[in-house]
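Peer 1: If you read the sequence shown in the working numbering, its first letter stands for residue 1071, the second for the next number, and so on.
Glycine included, C-beta positions come from ideal geometry on N, C-alpha and C.
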Amino acid sequence: MVTSALPASRVEVPLLVAFIDLSGYALQATRVTDDELAAIVDGYYELVAARVTAAGGRVVKFIGDGALVVFDVAAADAGVAALLELKDDVDRYLANAGWGCRANIKAHVGPVIAGPYGARDDKRFDVIGKTVNTAAMLDSSGVALSAEAFRKLSPEMRQRFKKHTWPTTYIRVEDPHRFRRR
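Structural data, given as C-alpha coordinates:
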(Lines of atoms letter the chains of each structure in order from A and count residues from 1; the text may use other names and numbers.)
(Lines give C-alpha, C1' and ligand atoms only; values in the text may rest on other atoms or scores of the structure.)
Protein backbone atom coordinates (compact mmCIF):
# COMPACT_ATOMS: atom_id res chain seq x y z
CA MET A 1 0.00 0.00 0.00
CA VAL A 2 2.87 2.39 0.59
CA THR A 3 3.44 3.56 -2.97
CA SER A 4 4.34 6.93 -4.41
CA ALA A 5 1.33 6.98 -6.75
CA LEU A 6 -1.94 8.53 -5.62
CA PRO A 7 -4.46 5.68 -5.26
CA ALA A 8 -7.79 6.12 -7.04
CA SER A 9 -9.81 5.54 -3.88
CA ARG A 10 -9.48 5.30 -0.12
CA VAL A 11 -8.77 1.96 1.47
CA GLU A 12 -8.40 0.68 5.01
CA VAL A 13 -4.91 -0.75 5.49
CA PRO A 14 -2.70 -1.53 8.48
CA LEU A 15 0.42 0.66 8.56
CA LEU A 16 3.29 1.66 10.79
CA VAL A 17 2.59 5.37 11.27
CA ALA A 18 5.32 7.67 12.58
CA PHE A 19 5.50 11.32 13.55
CA ILE A 20 8.79 13.17 13.55
CA ASP A 21 9.33 16.62 15.02
CA LEU A 22 12.12 18.70 16.50
CA SER A 23 12.47 19.60 20.17
CA GLY A 24 13.25 23.30 20.67
CA TYR A 25 12.35 24.23 17.09
CA ALA A 26 10.00 27.14 17.90
CA LEU A 27 12.61 28.83 20.07
CA GLN A 28 15.43 28.22 17.58
CA ALA A 29 13.30 29.64 14.77
CA THR A 30 13.23 32.99 16.61
CA ARG A 31 17.05 33.10 16.75
CA VAL A 32 17.84 32.82 13.04
CA THR A 33 16.96 34.59 9.81
CA ASP A 34 14.12 33.26 7.68
CA ASP A 35 16.67 32.30 5.01
CA GLU A 36 18.68 30.20 7.49
CA LEU A 37 15.50 28.65 8.86
CA ALA A 38 14.33 27.73 5.35
CA ALA A 39 17.71 26.20 4.45
CA ILE A 40 17.88 24.09 7.63
CA VAL A 41 14.27 22.91 7.29
CA ASP A 42 14.81 21.99 3.65
CA GLY A 43 17.89 19.94 4.56
CA TYR A 44 15.91 18.24 7.35
CA TYR A 45 13.11 17.40 4.89
CA GLU A 46 15.68 15.89 2.52
CA LEU A 47 17.12 13.70 5.30
CA VAL A 48 13.65 12.47 6.28
CA ALA A 49 12.62 11.72 2.70
CA ALA A 50 15.87 9.93 1.86
CA ARG A 51 15.77 7.61 4.90
CA VAL A 52 12.06 6.88 4.67
CA THR A 53 11.92 6.15 0.94
CA ALA A 54 15.13 4.07 1.05
CA ALA A 55 13.41 1.81 3.59
CA GLY A 56 10.29 1.46 1.42
CA GLY A 57 8.21 3.98 3.35
CA ARG A 58 6.40 7.09 2.28
CA VAL A 59 6.43 10.67 3.50
CA VAL A 60 2.77 11.59 3.80
CA LYS A 61 3.41 15.25 4.59
CA PHE A 62 5.66 17.86 6.13
CA ILE A 63 4.46 20.84 8.14
CA GLY A 64 6.98 23.14 9.77
CA ASP A 65 9.30 20.94 11.82
CA GLY A 66 6.93 17.96 11.62
CA ALA A 67 6.68 14.99 9.30
CA LEU A 68 4.13 12.19 9.03
CA VAL A 69 5.53 9.00 7.49
CA VAL A 70 4.21 5.49 6.93
CA PHE A 71 5.60 2.01 6.31
CA ASP A 72 3.96 -1.30 5.47
CA VAL A 73 3.48 -3.36 8.62
CA ALA A 74 5.25 -6.30 6.97
CA ALA A 75 8.37 -4.10 6.82
CA ALA A 76 8.19 -2.91 10.43
CA ASP A 77 11.82 -3.82 11.17
CA ALA A 78 13.08 -1.90 8.13
CA GLY A 79 10.83 1.03 8.96
CA VAL A 80 11.91 1.21 12.60
CA ALA A 81 15.58 0.76 11.62
CA ALA A 82 15.18 3.71 9.23
CA LEU A 83 13.59 5.79 12.00
CA LEU A 84 16.46 4.99 14.37
CA GLU A 85 19.02 5.95 11.72
CA LEU A 86 17.01 9.07 10.93
CA LYS A 87 17.10 10.13 14.59
CA ASP A 88 20.89 9.97 14.54
CA ASP A 89 21.14 11.66 11.11
CA VAL A 90 18.89 14.56 12.08
CA ASP A 91 20.53 15.08 15.47
CA ARG A 92 23.98 15.15 13.84
CA TYR A 93 22.78 17.48 11.07
CA LEU A 94 21.30 19.95 13.55
CA ALA A 95 24.34 19.80 15.86
CA ASN A 96 26.64 20.52 12.91
CA ALA A 97 24.46 23.55 12.11
CA GLY A 98 24.81 24.76 15.69
CA TRP A 99 21.18 24.13 16.55
CA GLY A 100 20.15 22.78 19.96
CA CYS A 101 17.17 20.93 18.47
CA ARG A 102 16.86 17.14 18.40
CA ALA A 103 14.51 14.75 16.60
CA ASN A 104 11.61 13.16 18.45
CA ILE A 105 10.05 10.16 16.74
CA LYS A 106 6.96 8.22 17.80
CA ALA A 107 5.38 5.29 15.99
CA HIS A 108 2.23 3.18 16.25
CA VAL A 109 0.78 0.33 14.18
CA GLY A 110 -2.85 -0.10 13.22
CA PRO A 111 -5.47 0.43 10.54
CA VAL A 112 -5.80 3.75 8.71
CA ILE A 113 -7.93 4.99 5.86
CA ALA A 114 -5.32 5.78 3.21
CA GLY A 115 -5.96 7.55 -0.04
CA PRO A 116 -6.75 10.86 -1.71
CA TYR A 117 -7.95 13.78 0.44
CA GLY A 118 -8.24 17.50 -0.13
CA ALA A 119 -9.87 20.06 -2.36
CA ARG A 120 -11.85 18.68 -5.29
CA ASP A 121 -9.13 19.46 -7.85
CA ASP A 122 -6.14 19.05 -5.53
CA LYS A 123 -6.33 15.63 -3.87
CA ARG A 124 -3.21 14.40 -2.08
CA PHE A 125 -2.31 11.15 -0.35
CA ASP A 126 -3.06 11.14 3.37
CA VAL A 127 -3.81 8.71 6.18
CA ILE A 128 -6.69 9.23 8.60
CA GLY A 129 -7.84 7.34 11.66
CA LYS A 130 -7.35 6.48 15.30
CA THR A 131 -3.95 4.96 14.57
CA VAL A 132 -2.67 8.32 13.36
CA ASN A 133 -4.04 10.04 16.46
CA THR A 134 -2.53 7.42 18.77
CA ALA A 135 0.90 7.87 17.17
CA ALA A 136 0.58 11.64 17.53
CA MET A 137 -0.30 11.36 21.23
CA LEU A 138 2.74 9.26 22.19
CA ASP A 139 5.11 11.43 24.17
CA SER A 140 8.80 11.07 23.55
CA SER A 141 12.11 12.79 24.00
CA GLY A 142 13.78 10.40 21.56
CA VAL A 143 12.29 7.40 19.76
CA ALA A 144 9.14 5.78 21.18
CA LEU A 145 6.99 2.92 19.96
CA SER A 146 3.53 1.93 21.07
CA ALA A 147 3.11 -1.62 22.36
CA GLU A 148 1.39 -2.48 19.05
CA ALA A 149 4.38 -1.27 17.05
CA PHE A 150 6.83 -3.04 19.36
CA ARG A 151 5.00 -6.36 18.88
CA LYS A 152 5.52 -6.16 15.08
CA LEU A 153 9.31 -6.15 15.47
CA SER A 154 11.66 -9.11 15.28
CA PRO A 155 13.31 -10.26 18.54
CA GLU A 156 16.59 -8.70 17.37
CA MET A 157 15.02 -5.28 16.75
CA ARG A 158 13.11 -5.44 20.04
CA GLN A 159 16.44 -5.49 21.86
CA ARG A 160 16.98 -1.88 20.77
CA PHE A 161 14.09 -0.81 23.06
CA LYS A 162 13.14 -1.00 26.72
CA LYS A 163 9.69 -0.93 28.28
CA HIS A 164 8.40 2.34 29.67
CA THR A 165 5.03 2.50 31.34
CA TRP A 166 2.10 4.77 31.40
CA PRO A 167 0.84 4.13 28.96
CA THR A 168 3.03 1.26 27.86
CA THR A 169 5.51 2.44 25.28
CA TYR A 170 8.92 1.25 24.25
CA ILE A 171 11.74 3.76 24.05
CA ARG A 172 15.11 3.47 22.39
CA VAL A 173 17.63 2.21 24.93
CA GLU A 174 19.88 5.24 24.38
CA ASP A 175 17.16 7.83 25.05
CA PRO A 176 16.36 9.28 28.47
CA HIS A 177 12.90 8.56 29.80
CA ARG A 178 11.31 11.99 30.11
CA PHE A 179 7.63 11.39 29.49
CA ARG A 180 4.55 13.38 30.41
CA ARG A 181 1.01 12.14 30.72
CA ARG A 182 -1.38 13.65 28.23
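Rounding to the nearest angstrom, what Cα-Cα distance links D1191 and M1227 in this structure?
Peer 2: M1227 has its alpha-carbon roughly 42 angstroms from the corresponding atom of D1191.
Peer 1: By Cβ distance, which residues of its chain are closer than 7 angstroms to F1231, with the 5 residues on each side in sequence left out?
Peer 2: L1215, F1220, Y1240, I1241, R1242, V1243
Peer 1: Give me, in chain order, the residues of the same chain whose beta-carbon lies closer than 6 angstroms to that of G1168; leave out the 5 immediate sequence neighbours on both sides.
Peer 2: Residues of the same chain with their beta carbon placed closer than 6 angstroms to that of G1168 are lacking, with the five preceding and five following residues left out of the count.
Peer 1: Counting Cβ pairs closer than 8 angstroms, one from the segment 1180-1198 and one from the segment 1113-1127, do we hit at least three?
Peer 2: no
Peer 1: Going by C-alpha distance, which of G1127, L1092, G1212, H1178 is nearest L1154?
Peer 2: Nearest of G1127, L1092, G1212, H1178 to L1154, Cα basis: G1212.
Peer 1: Measuring alpha carbon to alpha carbon, tell me which of L1085, P1077, F1089 ends up nearest A1209.
Peer 2: First, the residue type needs correcting, since residue 1209 is Asp and not Ala in the sequence shown. Measuring from the Cα of D1209, the nearest candidate turns out to be F1089.
Peer 1: Might you give, ordered along the chain, the residues of its own chain that have their beta carbon closer than 7 angstroms to the beta carbon of V1202, omitting 5 neighbours on each side?
Peer 2: V1087, V1182
Peer 1: Just to confirm before moving on: does the CB-CB distance between V1150 and L1085 stay below 8 angstroms?
Peer 2: no
Peer 1: So, helix, strand or coil for A1167, using DSSP?
Peer 2: coil
Peer 1: So A1173 and V1160 are in contact, right, with Cβ under 8 angstroms, and what is the actual spacing, rounded?
Peer 2: 4 angstroms
Peer 1: Return the first residue and the last residue of the alpha helix (DSSP H) that L1107 is part of.
Peer 2: 1104-1124
Peer 1: For the alpha helix (DSSP H) that V1202 lies in, which residues bound it at each end?
Peer 2: 1200-1207
Peer 1: Quick check on D1135: buried or exposed, where buried means 16 or more other Cβ atoms within 10 Å of its Cβ?
Peer 2: buried
Peer 1: Of all the options G1127, V1139, I1133, which has the alpha carbon lying nearest to the alpha carbon of A1145?
Peer 2: G1127
Peer 1: Cβ of F1220 versus every heavy atom of the ligand COA: is any distance shorter than 7 angstroms?
Peer 2: In the structure on display, the ligand COA does not appear, and there are no ligands present to speak of.
Peer 1: Do G1188 and V1081 have their C-beta atoms closer together than 8 angstroms?
Peer 2: no
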